[in-house]
Amino acid sequence: MLTVGPKGTNDILPGEIEKWHYIEKTVREICREYGYSEIRTPVFEHTELFLRGVGDTTDVVEKEMYTFEDKGKRSISLRPEQTAAVVRAYVEHKLYAQPQPFKVFYIGPMFRYANVQAGRYRQFHQFGVEVLGSKDPAVDAEVITMAMDFYGRLGLRGLELHINSVGCPKCRPVHRQRLHDFLNPNLHKLCGLCQSRFSRNPMRILDCKVGKCQELSKDAPTTTDCLCEECAADFEKVKKYLDDVGVQYVVNNRLVRGLDYYTNTAFEIMASDIGAQSSIGGGGRYDGLIEEVGGPPTPGIGFALGTERIIAAMERQGLEIPAERRSDVFIATLGEQAREEAFKLLYVFRRAGLSAEMDFMGRGLKAQMKYAHKFNSRYTLILGEEELAKGTAVVRDMIAGTQQDVSLGDLLAHLTIDINQ
Ligand code: HAM
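Counted the way this note's numbering counts, the sequence shown spans residues 50 to 470.
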């Protein structure tokens, strides 16, 4: 057990981390352009927050939370998602007193005790955004557009955006009643889970993946059938804004999402080519959540995208991630005196902002050159007895394949100029 990490967790190794950096860099770029600031909240919270916020009848809270009692006998849970935590921070720090809307993004690990399979892990990562304080449908469209823009920047193609409106506390009871009336005669034929959902949260039956439930609920009233005038108008507005910027979507009125806090707009993005776990992102409005956790009535909307699934989709689509150069300079040496000189040069180069490496494994010169090549270094310096005697080093340009002697004192200027070209 000591040599294997817990099930459903992954090590992100050098070679793989470059993809994460690339994604995170793209996150920061797009968030700056759309006006979102970063927020970092703790990895664990009081369990109560998720029970109240995410919903105690959801799979995520009921079955998948990492919950434990700490030494002070408090019930603590690792965050299964970050929306509730952002809302908690918003209320705790009275951020509603600042100019609204409050727009933030986050990147970080989430924890769900899920059945592990490709694309479904117990520690996974999300990039998410939340906008608190505005009920304007233009914000819904901004958030959705931003998610699609983000995927597009990574080069992902062929994604399907599904949108729906799940209504507000005014339309919900109407839908609930109509669903009850529709499903009641066949209640005993639904799967066990849907039978229990019938009284607790019947809307989720529309989302069941079991064949007979899908068949029985095929013609069931959908959320959009029961929207009040205001919700229907808002949904039309969201669609219009998306049309105006050319974001393509499918209205899927069976989309209800797995977390309890959603109201009005709900959306999910699917990548058909990453296997069973095809949802690479999702989100929606949660206009009741802020009040639910003790804040003033405040609307909110956001999304979260799964980084592991984004990477899987990028790999499936053969997308190249721009290679990060590992090192600007590698100093290959011959002899002890050259090594000492190289050690001093490393320090000078690094202080000047270059990434610089030398051999620490006692390799011969040829093996050092091979290693430098594998290391993807921009320049290789060769320093032997002969060069030391002349006060020079051989500078090999690894791209051009050329080399020249440069005096030790001029090295930095030479390399800096070239590297910045
Ligand atoms: P969610 O749909 O539960 O929404 O998760 C969002 C995304 O996280 C999924 O689409 C998927 O890509 C990824 N994901 C979820 N579970 C796993 C897992 N076990 N392994 C790998 N990836 C996973 C939320 O979390 C909401 N907080 C989104 C939101 C923000 N709604 C409003 N604001």
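C-beta atoms are modelled at their ideal positions from N, C-alpha and C, and glycine is treated no differently.
Since we're looking at a predicted model, the values are computed, not measured.
Sheet register partners of residue i (DSSP bridge)
{"i": "Gln172", "result": "Phe160"}
{"i": "Asp454", "result": "Val443"}
{"i": "Glu285", "result": "None, per the DSSP bridge assignment."}
{"i": "Ala515", "result": "Limits of the chain in this structure are 50 at one end and 470 at the other, which puts residue 515 out of reach."}
{"i": "Leu127", "result": "Phe93"}
{"i": "Ile380", "result": "Met407, Leu430"}
{"i": "Ala320", "result": "Leu208"}
{"i": "Gly177", "result": "Tyr155, Ala353"}
{"i": "Val299", "result": "His211"}
{"i": "Gln166", "result": "Arg169"}
Alpha-carbon spacing of residue i relative to residue j, whole angstroms
{"i": "Phe379", "j": "Ile360", "result": "31 Å"}
{"i": "Gly343", "j": "Leu127", "result": "21 Å"}
{"i": "Gln297", "j": "Asn313", "result": "19 Å"}
{"i": "Val136", "j": "Leu51", "result": "38 Å"}
{"i": "Lys56", "j": "Ala167", "result": "12 Å"}
{"i": "Glu209", "j": "Asp268", "result": "23 Å"}
{"i": "Leu432", "j": "Leu62", "result": "32 Å"}
{"i": "Glu434", "j": "Gly157", "result": "50 Å"}
{"i": "Gly402", "j": "Pro218", "result": "57 Å"}
{"i": "Arg445", "j": "Gly367", "result": "33 Å"}
{"i": "Glu357", "j": "Glu73", "result": "12 Å"}
{"i": "Lys68", "j": "Lys419", "result": "25 Å"}
{"i": "Lys120", "j": "Ile339", "result": "29 Å"}
Assigned exposure category for residue i - 16 Cβ within 10 Å defines buried
{"i": "His224", "result": "buried"}
{"i": "Gln453", "result": "exposed"}
{"i": "Asp283", "result": "buried"}
{"i": "Tyr139", "result": "buried"}
{"i": "Tyr477", "result": "For the chain, the structure presents residues 50 to 470; residue 477 sits outside this window and is missing."}
{"i": "Pro234", "result": "exposed"}
{"i": "His237", "result": "exposed"}
Simplified DSSP state of residue i, which is helix, strand or coil
{"i": "Met50", "result": "coil"}
{"i": "Tyr155", "result": "strand"}
{"i": "Tyr85", "result": "coil"}
{"i": "Ser266", "result": "coil"}
{"i": "Glu364", "result": "helix"}
{"i": "Leu203", "result": "coil"}
{"i": "Ser327", "result": "coil"}
{"i": "Leu354", "result": "strand"}
{"i": "Leu144", "result": "helix"}
{"i": "Thr116", "result": "strand"}
{"i": "Ser245", "result": "helix"}
{"i": "Gln149", "result": "coil"}
{"i": "Leu304", "result": "coil"}
{"i": "Ile370", "result": "coil"}
{"i": "Leu276", "result": "coil"}
{"i": "Thr106", "result": "coil"}
Closer than 8 Å to chain D by CB, residue i
{"i": "Ser214", "result": "The structure shown contains no chain D; it is built from a single protein chain."}
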